[in-house]
Amino acid sequence: MRKHFAAYLEKVVTENEKIIFITGDLGYNALENLAAKMGDRFINAGVAEQNMLGVAAGMASQGYEVICYSIAPFVVYRCLEQIRNDVCFHNMPVYIVGNGGGYGYGIMGASHHAIEDIGTLSGLPNMRCYVPAFIEDMKSCLDEMFASKGPSYFRLGLGKNMPDYLMLNNNGASSPVNALAELTIIVQSPVANNLIAALNGNAHQSKVDIFIVNKMPLANLPSDIAASIKRTKKVITIEEHVAIGGVGSAVSFLVHEHSLVINKFVSLHAKGYPGELYGSQSYHQQLSGLDKENISKIINSYF
């Protein structure tokens, strides 16, 4: 997904000379062409993320749009005060891009993982978080982010192509309306690919409504999701993020706010480090029950 992101930016920065790109000493083997196109507008701030966000807010206050790029935990947790006070409170067009969200950096451990990032940022004033699951919905997220001209967080992950049976919509993507569906599945981030793999060949695939949600916070429950939940009364949420502040807790809150009746609700989410070891992204997904085998098992338990 990172290279597709870079290719998108190469076009945007050519059309808009007010865009500045600041990297926290990262982006090698992906951003060289972008740097060549941008010239002096491409800045390496070094390993100084707090300063990078403060500088970005200052530039934005002078009419620029600024992209701040680093590994997700570095650009979120290290400079949360600058994001809150300098960017969000002043509603500045600063676009924070975190690469390797979730357990994306695998064996490098907790210092390089971002499994609380959406919950950390989505409650800040004026902040909008974008979490594309596929290469196709990455573009729509970026289009909306640049059009918003406000504080934004864009979480980059290992994106694949969206399967043909899903359709893009304003909230991400979804399967076609299925009046016979018996289960509503709501998923966020590229862990959606594990759901796709779990459903492949599953006998219950035709009885499932799938919704890929790529924006946070969820201020309202999208009408198509609400309609599906009313029909099925059964929900699974899946995300590579801790339960608190993630899409599962947001859906649960909104379901209660709308007084929707649910007979069964299961939240599959990042559970931290129950094995007390570090490993690959797939290893951590498995420990959290986010692997395709467990997802398939949970789906089957509904029927």
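Each residue of the sequence shown is one higher than the one before, counting from 1270 in the working numbering. Here a beta-carbon is modelled for each residue, glycine too, at the ideal position from N, C-alpha and C. Predicted model only: the values in this text are computed from it and were never measured.
DSSP beta-bridge partners for residue i?
| i | result |
| --- | --- |
| C1398 | Y1422, M1485 |
| Q1457 | E1508 |
| F1311 | F1290 |
| F1275 | With the sequence shown as reference, residue 1275 is identified as Ala, and Phe is not the correct amino acid for it. Paired residue(s): none; A1275 is not in a bridge. |
| G1367 | S1339, R1424 |
| G1441 | N1438, V1482 |
| K1503 | K1533 |
Got a sec: is the Cβ-Cβ distance from residue i to anything in chain B below 8 Å?
| i | result |
| --- | --- |
| I1376 | Among the chains of the structure shown, chain B does not appear; only one protein chain is present. |
What did DSSP end up calling residue i once you bin it into helix, strand or coil?
| i | result |
| --- | --- |
| K1287 | coil |
| I1567 | helix |
| I1494 | helix |
| S1330 | coil |
| L1322 | helix |
| F1534 | strand |
| V1282 | helix |
| L1546 | coil |
| F1358 | coil |
| F1415 | helix |
| F1572 | coil |
| L1449 | coil |
| K1429 | strand |
| A1466 | helix |
Is the distance from the Cβ of residue i to the Cβ of residue j below 8 Å?
| i | j | result |
| --- | --- | --- |
| D1478 | S1444 | yes |
| N1306 | E1279 | Before going on, a small fix: residue 1306 reads as Lys here, not Asn. Their beta carbons are under 8 Å apart, which means K1306 touches E1279 by this criterion. |
| E1509 | I1340 | no |
| G1541 | S1391 | no |
| V1511 | H1538 | yes |
| D1560 | S1570 | no |
| N1298 | D1406 | no |
| G1293 | V1344 | yes |
| D1355 | G1323 | yes |
| V1516 | M1485 | yes |
| N1360 | G1419 | yes |
| I1564 | A1467 | yes |
| Q1457 | V1535 | no |
Just to confirm my understanding: we take residue i, look at its own chain, exclude 5 residues before and 5 after, and list those with CB closer than 7 Å. What are they?
| i | result |
| --- | --- |
| F1653 | For residue 1653 there is no data in the structure shown, the boundaries of the chain being 1270 and 1572. |
| F1358 | P1394 |
| S1409 | L1437 |
| E1545 | none |
| P1502 | Inspection of the sequence shows that residue 1502 is occupied by Lys rather than by Pro. The answer, listed in chain order, is V1530, I1531, N1532. |
Here's a check: name, in chain order, each residue in its chain whose Cβ is nearer than 8 Å to the Cβ of residue i, leaving out the five neighbours to either side.
| i | result |
| --- | --- |
| Q1554 | Y1372, V1460, N1463, E1509, D1560 |
| G1548 | G1375, I1376 |
So, does the stretch 1327 to 1343 touch the stretch 1286 to 1298, judging by three or more C-beta pairs under 8 Å?
yes
Does the stretch 1417 to 1426 come within contact of the stretch 1444 to 1451, defined as at least 3 CB pairs closer than 8 Å?
no
Stretch-stretch touch, CB-based, cutoff 8 Å, three pairs: the stretch 1430 to 1438 with the stretch 1372 to 1387:
no
Is there contact here, the stretch 1483 to 1491 with the stretch 1362 to 1372, by at least three beta-carbon pairs under 8 Å?
no
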